[in-house]
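S.K.: Have a look at this one before I ask anything.
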Amino acid sequence: MRLGKYIPILTVLLLVVAIQLIISAGGANYYLTQLTMSAYYSLVIIGLCLLMGYAGQISLGHAGFFAIGGYTSAVLTTVNLMSHADSSTVGFLKRLGMVFERQDLYGNTLLAFSPWLAFIAALLITVVIALIIGIPVIRLRGHYLAMATLGFGLIIYRVVLGTGFLGEADGITGVPGFPLFGLEVSGALSRRVSNYYIAWALVLLGMLLAMNLIRSRVGRALRSIHGSEEAAGAMGIDTARYKLATFVLSAVFAAVGGIFLTHYNGSIGPSEVTGMKSVRYVAIVAVGGMDNLWGALLMSILLNFLSLRGVFGSYDDAVFAAILLVIMLFFPDGLLRAPGLRHLTILRQKAAALLRRSKPRGAEDA
Amino acid sequence: MPDSLLEIRSLSRSFGGLKAVDEVSFAVPAGAIKSVIGPNGAGKTTLFNLISGMLACDSGTVLQNGREISGFQPHRIAELGISRTFQTTKLFSRMSVLENVMVGRHTRTKAGFLAGVLNLPWTWKEEREIRERSLELLDSLGLADAAGELASNLPFGRQRLLEIARALATEPSLLMLDEPAAGLNIYETREMADLVLKIRGWGITVLLVEHDMSLVMDISDEIVVLNYGRKVAEGEPAEIQRDPEVIRIYLGGDHA
Amino acid sequence: MSFEQFFQYFLSGITSGSMYAIIAIGFNIIYNTTGIINFAQGEFLILGGMIGISLSSFLPLPLAIAAAVILTMGVGALIDFLFIRWLKRPSVLRLVIITIGISILIRESMLHIWDEKVRTLRHFTGTEISSIEILGAYISPQVLWVLGISAVIVVALSLFFRLTLVGRAMRACSDNRTAARLCGIRARRMVTFSFMLSAAIGALAGCAISPLTQTQYDMGSSLAIKGFTVAILGGLGNSTAAVIAGLVLGLLEAFSISVLPLAYIDAVSIAVLLVILFFRPSGLFGNREASALKEF
């Protein structure tokens, strides 16, 4: 049982705890807010890294899936069914615990869906849409793929911006907290620390799942598709199916990030799904090194945190664009070419192979 | 008459106005080493692409043990036990030598997305088996010492061997080799011939496309000659060497 | 719908359609010479418009427009000089990301130079309220300017590519770069020219359309998408088809206004884009087999 591969996760876990303790001790808990938000954005990055770095598919519209997740849970938890309180369907839902009464910001009584139901619904809708878009999209390559995904993201943006019940330009506010095992994902100041840990627990869980996938038979298949799609097919890998599955998986990661950030912020708006947002996600994955999961995570935390703290001022978008350009022009393999565990694995395999050599080769190697 | 391992009937494929493969038919008996030869542009690699499913045929059928497999997707054909190498090596260059071969084990193993993501215990045994089998294969091809190397770092001759190892990992009943001796020197070609014979000794039928006549005449049980996409001769090496049409194609008259 | 209404929509459609066609032609020029799809194409229109607006406050209009075109050409050359010339056989992915990055940089620069206010160039003839009546529809004379300038651009370009040495050299490059170089054509220079030419027609179009649609720093990206849609619709690289495709998209959009809420109009062109990409990426006039064999 190879426990060595869990070292990075444990290290990050320790760092997460250490940072929180330092921040709280310094009385600067407001930093925790940006770190929490950065964590949720990082969920999108993890999924996108799998898609771009391993399956080799670019997506310029992933903010769209973030929005689908966030908006669905926002709408379902803020819809007011009070006017239909007497109907039998609503009564049925109430008894099942899917719909319940709560107070909104202004003290009015609302009858809305429970966050858990909204969560499941949001994921289902995301999967369905990802499948519908994914099936034609994975057949595309290069510029066509980029444009199609960009178009997808923009359609979501236009729909969200132009639809009444989605809040149009103002988005949806008053989203309640998400009860999670006795804690609650919400923006309440008193819950800042617990929310920080929840967000990071989700990120670490996401990293764990992603790492498992990469090391598995499926992960190998994905990397082979990225290496040579023709050869992968000739070796029995159903490239279309794997690309689609990775697309859907990355969409789910993005949606989960969207759902929880919406509950954390208590709101969501069209600014989460602009073309620029999707480009930023791509920029971060590219900077970390397309297939470098830890690199992408590191860059995500760094850049998102700095951006959220306003360090880049009004030049925020320009900074991301500049980063993108510099990386793509001069460091196309990403800035961080950290050895990482894959090389360790290779070294280990080499050692095992050396031990296994049964007979020495007579002829010289070419 | 028992079904051949592979049989193609009147296979045709055109590109625009050019007939790359024109009504080609032949059969590959189980356990044989059969070679397809012909001048450049005669349609040999197109033929391979048609059989392996990478290209759709305009007409004709491909049969495996009597069952039709024309129009199947490449991965399906690999699952059915037909594997191949490529004229220009298509290795997974950013993966290690060992990992390249491990990918070949894909069709014979099961762990899917869910099992992979959750790292379920039963997958550990499967992974171990995949790794061991792959190492054995590398060993039998003399590549075991390079297991941890990046595939693209290998010298050319060993890259060709690696591609063969990868194709063998799929446990094929038919192995299609596209110009295995291309770019190899005299000694490497000799070793390649020995390897092909060894592979046949393992019970794998071999269909190969090749330009190197000494290799072809040496090890083939049967030879098919193509020119301008059409089959012009088929038979044992001795017959082919005496066939006036073949001689004309290679030594004088029109070339493709 | 009455005939006057129909005609009004029709004119509106061919006006915006001719703009989309010009943008698509800009895409095609660069694509044909370099294989690059320049996401920053839309920014050329806005940049040209903005420069023209600023200059027109102290220069006579024709001079301001001419200067805007020349300055934007300079930006096109700058893009080639700063970014494109470093690329040696880049992957398509890198190219896509790079040109997107360039378009964002240009847009952000415009934001910081001119701020986010909406601006308008002076009408070429008349004012915002002058109108001409044609067959019962009332249109601004600027519409005729737009249509006229677009037609002139299309004709001038086809003459340029057919008759001038530089134009023929560019066509040679797009056909077969190696052969062109063997003939002594400096491929590198052709790349620069293509960027400058696309920038020039973009800037001219941007000035022409500004009195009608106004100019704001962030309009470039949606223009680029529509232009790209038109380019694909006609078949990438095919500029004659781009004209027809542009008119088609323009008319489609214009008539959609009569059935769709205004907020969704932009979604129409994106929907068209997705439909084309999913079902017929070679476009209406493209060669199916040829585009299947394309690099991407």
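Chains as they are written, first to last, in my numbering: chain L, 215 to 580; chain D, -17 to 238; chain S, 119 to 414. Idealized CB from N, CA, C, for every residue including glycine.
(1) Taking the alpha-carbon of S/His230 as reference, which of S/Ile383, S/Val390 and S/Gln334 has the nearest alpha-carbon?
(2) Note down, in chain order, each residue of its chain lying with its Cβ closer than 7 Å to the Cβ of S/Asp336, except the 5 sequence neighbours on either side.
(3) Would you check if there are 3 or more beta carbon pairs closer than 8 Å linking the segment 481 to 498 of chain L to the segment 224 to 242 of chain L?
(4) Taking all protein chains shown into account, decide if D/Met158 is buried (16 or more other Cβ within 10 angstroms of its Cβ) or exposed.
(5) Just to confirm the assignment, what range does the beta strand (DSSP E) spanning S/Leu277 have?
(6) Per DSSP, what kind of secondary structure is L/Glu443 in: helix, strand or coil?
(7) Suppose only complete runs of 4+ residues qualify. What are the alpha helix (DSSP H) ranges in the segment 324 to 375 of chain L, listed by chain order?
(8) In three-state DSSP terms, what is D/Asn47?
(9) By the 10 Å Cβ neighbour count, where 16 or more other Cβ atoms means buried, how is S/Glu371 classified, buried or exposed?
(10) Under three-state DSSP, which class holds L/Ile236?
(11) Among D/Ser196, D/Leu179, D/Gly130 and D/Ile181, which residue has its Cα nearest to the Cα of D/Leu166?
(12) Check for me: the alpha helix (DSSP H) holding D/Glu192 runs from which residue to which?
(13) Per DSSP, what are the beta-bridge partners of L/Pro393 in this structure?
(14) Looking only at its chain, what residues have a beta carbon closer than 7 Å to the beta carbon of L/Tyr320, apart from the 5 residues adjacent to it on each side?
(15) Could you please give me the residues that DSSP links to L/Ile502 through a beta bridge?
(16) If you measure from the beta carbon of S/Glu371 to each beta carbon in chain L, is any gap under 8 Å?
(17) Can you look up D/Asp4 in the DSSP assignment and give me helix, strand or coil?
(18) Ordered along the chain, which non-local residues of its own chain (more than five positions away) have a Cβ less than 6 Å from that of D/Leu(-13)?
(19) Counting along the chain, where does the alpha helix (DSSP H) carrying S/Arg398 start and finish?
(20) Would you kindly check if the distance between the Cβ of D/Thr152 and the Cβ of D/Gly86 is under 8 Å?
(21) Does the segment 242 to 259 of chain L come within contact of the segment 440 to 456 of chain L, defined as at least 3 CB pairs closer than 8 Å?
(22) Within 10 angstroms of its Cβ, does S/Gly254 collect 16 or more other Cβ (buried), or is it exposed?
(23) Please give me, in chain order, every unbroken run of the alpha helix (DSSP H) with length at least 4 that falls completely inside the segment 146 to 198 of chain S.
(24) With the cut-off set at 8 Å, would you say L/Ile412 and L/Val399 are in Cβ contact?
(25) Anything in chain L within Cβ reach of D/Pro56, meaning under 7 Å, just list it in chain order.
(26) Could one say the Cβ of L/Asn426 lies closer than 8 Å to chain C's Cβ atoms, at least one of them?
(27) Beta-carbon separation of L/Ala336 and S/Ile222 under 8 Å?
(28) Let me see if you follow: with CB-CB separation under 8 Å, is L/Arg372 close to chain S or not?
(29) Confirm, please, whether the CB-CB distance from L/Thr377 to L/Ala326 is below 8 Å.
(30) For the alpha helix (DSSP H) that contains S/Ser316, what are its first and last residues?
(31) Can you look up D/Leu159 in the DSSP assignment and give me helix, strand or coil?
(32) Please return the same chain residues whose Cβ sits closer than 8 Å to the Cβ of L/Met296, not counting the five positions on each side in sequence.
(33) Select from the segment 300 to 327 of chain L all residues with a C-beta closer than 7 Å to any C-beta belonging to chain S, and list them in chain order.
(34) Nearest to L/Ala448 by alpha carbon, out of D/Asn209, D/Leu73 and D/Glu131?
(35) Pull up the distance between the alpha-carbon of L/Leu511 and that of D/Lys213, whole angstroms please.
(36) Mind checking the segment 455 to 480 of chain L against chain D and listing, in chain order, the residues whose C-beta falls within less than 8 Å of any C-beta there?
M.R.: Quick answer:
(1) Nearest to S/His230 by alpha-carbon distance, out of S/Ile383, S/Val390 and S/Gln334, is S/Gln334.
(2) Excluding sequence neighbours, S/Asp336 sits near Arg225.
(3) With the rule of 3 Cβ pairs closer than 8 Å, the segment 481 to 498 of chain L does not count as touching the segment 224 to 242 of chain L.
(4) The residue is buried, with at least 16 neighbouring Cβ atoms inside 10 Å.
(5) Run containing S/Leu277: none in the beta strand (DSSP E); it sits in the alpha helix (DSSP H), Pro259 to Leu281.
(6) It is helical.
(7) Whole alpha helix (DSSP H) segments, 4+ residues: 329 to 351.
(8) The answer is coil: DSSP assigns D/Asn47 none of H, G, I, E or B.
(9) Buried: at least 16 other Cβ atoms inside 10 Å.
(10) Three-state DSSP puts L/Ile236 in a helix.
(11) Looking at the Cα atoms, D/Ser196 is the closest of the given residues.
(12) Run containing D/Glu192: none; DSSP gives neither H nor E here.
(13) Beta-bridge pairing links L/Pro393 to L/Glu398.
(14) Hits under 7 Å: none found.
(15) Per the sequence shown, the amino acid found at residue 502 of chain L is Gly instead of Ile. Paired residue(s): none; L/Gly502 is not in a bridge.
(16) Not one chain L Cβ lies under 8 Å of S/Glu371.
(17) Looking at D/Asp4 - three-state DSSP - the assignment turns out to be strand.
(18) Answer for D/Leu(-13): Val10, Ala12, Leu156 and Thr187, listed in chain order.
(19) Segment: none, S/Arg398 is in no alpha helix (DSSP H) and carries neither H nor E.
(20) Yes, the Cβ-Cβ distance between D/Gly86 and D/Thr152 is below 8 Å.
(21) Touching, no.
(22) Flag for S/Gly254 reads exposed.
(23) List check, alpha helix (DSSP H) in window: 159 to 174.
(24) Taking 8 Å as the Cβ cut-off, L/Ile412 and L/Val399 qualify as a contacting pair.
(25) Scanning chain L for C-beta atoms nearer than 7 Å to the C-beta of D/Pro56 yields Gly447 and Ala448, reported in chain order.
(26) No chain C appears in the structure shown, which is made up of the protein chains L, D and S.
(27) In this structure, S/Ile222 does not lie closer than 8 Å to L/Ala336 by Cβ.
(28) Chain S, which has a Cβ nearer than 8 Å to the Cβ of L/Arg372, makes this yes.
(29) Taking a C-beta distance under 8 Å as the contact criterion, L/Ala326 and L/Thr377 do not qualify as a contact pair.
(30) Where S/Ser316 is concerned, the enclosing alpha helix (DSSP H) stretches over Ala305 to Thr331.
(31) If DSSP states are grouped into helix, strand and coil, D/Leu159 belongs with the strands.
(32) So the list reads Thr323, Leu324 and Leu325, once near-sequence residues are dropped.
(33) Cβ contacts with chain S come from no residue of the segment 300 to 327 of chain L.
(34) Relative to L/Ala448, the option among D/Asn209, D/Leu73 and D/Glu131 whose CA is nearest is D/Leu73.
(35) The alpha-carbon atoms of L/Leu511 and D/Lys213 are separated by roughly 58 Å.
(36) Only Ala459 and Leu463 from the segment 455 to 480 of chain L bring a Cβ to less than 8 Å from some Cβ of chain D.
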